[in-house]
Amino acid sequence: MITTYQITLKIHRYDPALQKHWTQEYQVEAGRIMRFVDVLRKINDEQDPTLAWGSSCEHGQCGTCSMKINGKPLLSCELLVENAVDFFNTTTFEIEPLEVAPRIRDLIIDTEKAYERVDRVKPYVIDPAPADHDDVEENQISPEDLERYVDATRCINCFCCSSACISSHRTFLGPNAMLAAVVRVMDPREREKQQRLDVLYNENGVYRCHSSKACSFVCPKEIDVAHFIALAKEGL
Amino acid sequence: MKQQSRLGTIPGISYVQKTARNRGWPYVVAWLHRITGLMLVLYVFLHILTLSGLSDPVGFEQKMQWFQKLIPLFFDWFLAIPVIFHSLNGGRLILYELFGNRLDQPVLRGVMVGSGLYLLMLAVIMIMGDQSVSPFLFWVYFFLASILCGYLVTLRLKRSGATLLWKMQRVSGTFLFLMVPAHMLFMHLDPVIGRDAQLILTRLQSPFIKLVDLLLVVSVLYHGGYGVIGVCRDYLSFRGAQLALLVLITTLFFGFGLIGVKLLFLV
Ligand code: HEM
Ligand code: SF4
Ligand code: SF4
Numbered sequence: 474m475i476t477t478y479q480i481t482l483k484i485h486r487y488d489p490a491l492q493k494h495w496t497q498e499y500q501v502e503a504g505r506i507m508r509f510v511d512v513l514r515k516i517n518d519e520q521d522p523t524l525a526w527g528s529s530c531e532h533g534q535c536g537t538c539s540m541k542i543n544g545k546p547l548l549s550c551e552l553l554v555e556n557a558v559d560f561f562n563t564t565t566f567e568i569e570p571l572e573v574a575p576r577i578r579d580l581i582i583d584t585e586k587a588y589e590r591v592d593r594v595k596p597y598v599i600d601p602a603p604a605d606h607d608d609v610e611e612n613q614i615s616p617e618d619l620e621r622y623v624d625a626t627r628c629i630n631c632f633c634c635s636s637a638c639i640s641s642h643r644t645f646l647g648p649n650a651m652l653a654a655v656v657r658v659m660d661p662r663e664r665e666k667q668q669r670l671d672v673l674y675n676e677n678g679v680y681r682c683h684s685s686k687a688c689s690f691v692c693p694k695e696i697d698v699a700h701f702i703a704l705a706k707e708g709l
Numbered sequence: 018m019k020q021q022s023r024l025g026t027i028p029g030i031s032y033v034q035k036t037a038r039n040r041g042w043p044y045v046v047a048w049l050h051r052i053t054g055l056m057l058v059l060y061v062f063l064h065i066l067t068l069s070g071l072s073d074p075v076g077f078e079q080k081m082q083w084f085q086k087l088i089p090l091f092f093d094w095f096l097a098i099p100v101i102f103h104s105l106n107g108g109r110l111i112l113y114e115l116f117g118n119r120l121d122q123p124v125l126r127g128v129m130v131g132s133g134l135y136l137l138m139l140a141v142i143m144i145m146g147d148q149s150v151s152p153f154l155f156w157v158y159f160f161l162a163s164i165l166c167g168y169l170v171t172l173r174l175k176r177s178g179a180t181l182l183w184k185m186q187r188v189s190g191t192f193l194f195l196m197v198p199a200h201m202l203f204m205h206l207d208p209v210i211g212r213d214a215q216l217i218l219t220r221l222q223s224p225f226i227k228l229v230d231l232l233l234v235v236s237v238l239y240h241g242g243y244g245v246i247g248v249c250r251d252y253l254s255f256r257g258a259q260l261a262l263l264v265l266i267t268t269l270f271f272g273f274g275l276i277g278v279k280l281l282f283l284v
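Going line by line, the protein sequences match chains A and B.
Going by our numbering, the first residue of the first sequence is number 474, and it counts up by one from there.
Going by our numbering, the first residue of the second sequence is number 18, and it counts up by one from there.
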């Protein structure tokens, strides 16, 4: 069994001070079950401390380490070297930041700018319905209601879906923003539905989706995003 | 390591394979839908322009003969590829978006197989030539079936909160779902059907055929125009540019609509 791979990373770099873009190659000896975040850290430790990239939880729960590897948007904390070699059928990997927001440095993008689109749909309960029983403080959701949209609540806003979407990132609020809006329309605790519908059926809303289903294909949380957007087109 | 397939070494094919690997086949199909949609718009424009020559029947026939020499028959068949693919895939998208069909993969396979079968049938008909058919019966059948399809989608759309313009794009698409492939089929049943100016003019005398063609022209131009605006809206973020585009495309499609309608009532 192969235990280590000699891999080549071609990383798209950007220096904001010099306004310089270039691709830098790194040769790394990587253990087969190292993740790409481990490989990047190894580069920082052993070869180049200036290479900038981002991660936080490194357990596929925060969406910070998303990037494009050989063109596929994914979470680099979830991709093992041996799986990458198998999936892409190569030991050379081109690594780019997601193109959903302006770049800050190397693989780091301005997430605040990316989040602006999600914030437009107000991803929280605007007007909570009062508790439905006297003896409880919070509104309870029936399992049947929850079943309809529970998958969508797993979204971590990693923006992989936005990066893969056929609609450009110029006007569309993005699949994850649509998902956040659909969830709140389906959530029985939310009384303010109209504001959500206004955003969904806005020029930058569902009309920008062409049911290419790339969002569902790449979502690391395995959410069928396109299904929820289609529900919005059909009528919620 | 997996063996690289031979096909994958051809640049265009390897690009498509990589795209499908990274974003899935439905994404590739969505691009094909978009490209064929835009091709059809150009085709419809050209079609209306050549038919507008019917006001001068002799000139029209000369032009058709010239076309026949210049463009081999197989090119006509070739043009049916984007038509049938876009129609069937449009039907698939409507099933997915409006009828809650989530068994999308078998339907997608059906689109591919169905397109192949249609093209085969068209080729056979073109080779056989000389099929006589009653235009009235042919169009009664397809027209009624198309109206029924459009009606079912209209009913379904009642629940949707989308704009009327968007709904009309889906309804017009559904109406065209059978009408456009049928139109292509009809034109090839007999080679003279679409080239003999007198025959076309006589056919157009019938109020029923006029109605069929009128609805065809209006729905194709509405559907295509909305489609083109939609594609541009994906990329244009400036309000001013969006507005300019809206005016430009609406004028263009309206202009072609006028030419088409004038043609129908010329005779
Ligand atoms: C022959 C005339 C036709 C023309 C000129 C035409 C043109 C177009 C264009 C330009 C688009 C935009 C593509 C895009 O959004 O990426 C489009 C989209 C669409 N077409 Fe057609 N089309 C025709 C026939 C049909 C037929 C027969 C159907 C069948 C139902 C259909 C269904 C659709 C659907 C559902 C979309 C929306 C896809 C989306 O949102 O991206 N079209 N069409
Ligand atoms: S829907 Fe999936 S891919 Fe999109 S942001 Fe949420 S978790 Fe990421
Ligand atoms: S299904 Fe819609 S939202 Fe999802 S990737 Fe395709 S176009 Fe984008």
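Beta carbons: idealized from backbone N, C-alpha and C, even for Gly.
Cutoff 8 Å: residue i Cβ touching any chain B Cβ
i, result
"V691/A", "yes"
"E707/A", "yes"
"A653/A", "no"
"F645/A", "yes"
"A637/A", "yes"
"S641/A", "yes"
"K545/A", "yes"
"K483/A", "no"
Residue-level contact to chain A via CB, residue i, 8 Å cutoff
i, result
"T26/B", "no"
"T180/B", "yes"
"D251/B", "yes"
"K19/B", "Residue placement at K19/B cannot be trusted, given a pLDDT of 48 that sits under 50; what the coordinates show is reported in the next sentence. Closer than 8 Å: yes."
"S177/B", "yes"
"L96/B", "no"
"A261/B", "no"
"W83/B", "no"
"P43/B", "yes"
"Y60/B", "no"
"R40/B", "yes"
"Y32/B", "no"
Cβ-based burial, residue i [other Cβ within 10 Å; buried from 16]
i, result
"T644/A", "buried"
"Y158/B", "exposed"
"Q215/B", "exposed"
"Q186/B", "buried"
"I516/A", "buried"
"A83/B", "Rather than Ala, the amino acid found at residue 83/B in this sequence is Trp. When all chains shown are included, W83/B counts as exposed."
"F632/A", "buried"
"E695/A", "exposed"
"Q20/B", "Low per-residue confidence applies at Q20/B: pLDDT is 48, beneath 50, and the placement is therefore not dependable enough to give any value."
"S684/A", "buried"
"R176/B", "exposed"
"M145/B", "exposed"
"Y680/A", "buried"
"V170/B", "buried"
"F509/A", "buried"
(request) Report the residue ranges of all alpha helix (DSSP H) runs contained in full by the segment 545-578 of chain A; include only those spanning at least 4 residues, in chain order. (result) 554-561
(message) Does the contact criterion of 3 or more C-beta pairs under 8 Å hold for the segment 114-132 of chain B versus the segment 248-255 of chain B?
(response) no
(request) Taking 8 Å as the threshold, find out whether the segment 232-252 of chain B comes into contact with the segment 273-282 of chain B through three or more Cβ pairs. (result) yes
(message) Under 8 Å: do the segment 124-138 of chain B and the segment 185-196 of chain B share three or more Cβ pairs, one atom per stretch?
(response) no
(request) Anything with a beta carbon under 7 Å from a heavy atom of ligand 2 counts; list them all in chain order. (result) G536/A, R627/A, C628/A, I629/A, N630/A, C631/A, F632/A, C633/A, C634/A, S635/A, P648/A, N649/A, L652/A, C688/A, V691/A, C692/A, P693/A, K694/A, I696/A, V698/A
(message) Does the structure place the segment 501-511 of chain A close enough to the segment 575-582 of chain A that three or more beta carbon pairs sit under 8 Å?
(response) no
(message) If we require 4 or more residues per run, which alpha helix (DSSP H) segments fall completely within the segment 38-69 of chain B?
(response) 42-68
(request) Would you check if there are 3 or more beta carbon pairs closer than 8 Å linking the segment 553-571 of chain A to the segment 477-491 of chain A? (result) Between the segment 553-571 of chain A and the segment 477-491 of chain A, the count of Cβ pairs shorter than 8 Å is three or higher; the stretches touch.
(request) Decide yes or no for the touch test of the segment 96-113 of chain B against the segment 55-73 of chain B: beta carbon pairs closer than 8 Å, at least 3 of them. (result) yes
(request) Answer yes if the segment 696-709 of chain A comes into contact with the segment 624-640 of chain A, meaning at least three C-beta pairs across the two stretches below 8 Å, and no otherwise. (result) Segments in contact, yes.
(request) Enumerate, from N- to C-terminal direction, the unbroken alpha helix (DSSP H) stretches of 4 or more residues contained entirely within the segment 152-188 of chain B. (result) 152-174
(request) Mind listing, in chain order, the continuous alpha helix (DSSP H) runs of no fewer than 4 residues lying wholly within the segment 607-665 of chain A? (result) Counting whole runs of 4 or more residues, the segment 607-665 of chain A contains the alpha helix (DSSP H) stretches 616-622, 633-637, 648-659.
(request) Report yes or no: do three or more beta-carbon pairs, one from the segment 587-597 of chain A and one from the segment 668-678 of chain A, lie closer than 8 Å? (result) Note that the segment 587-597 of chain A touches the segment 668-678 of chain A; at least 3 beta-carbon pairs, one per stretch, sit closer than 8 Å.
(request) State whether the segment 197-215 of chain B contacts the segment 149-169 of chain B, with contact taken as three or more CB pairs (one from each stretch) at a distance under 8 Å. (result) A contact exists between the segment 197-215 of chain B and the segment 149-169 of chain B.
(request) Give, in chain order, every unbroken run of the alpha helix (DSSP H) that is at least 4 residues long and sits entirely within the segment 88-150 of chain B. (result) 90-115, 121-145
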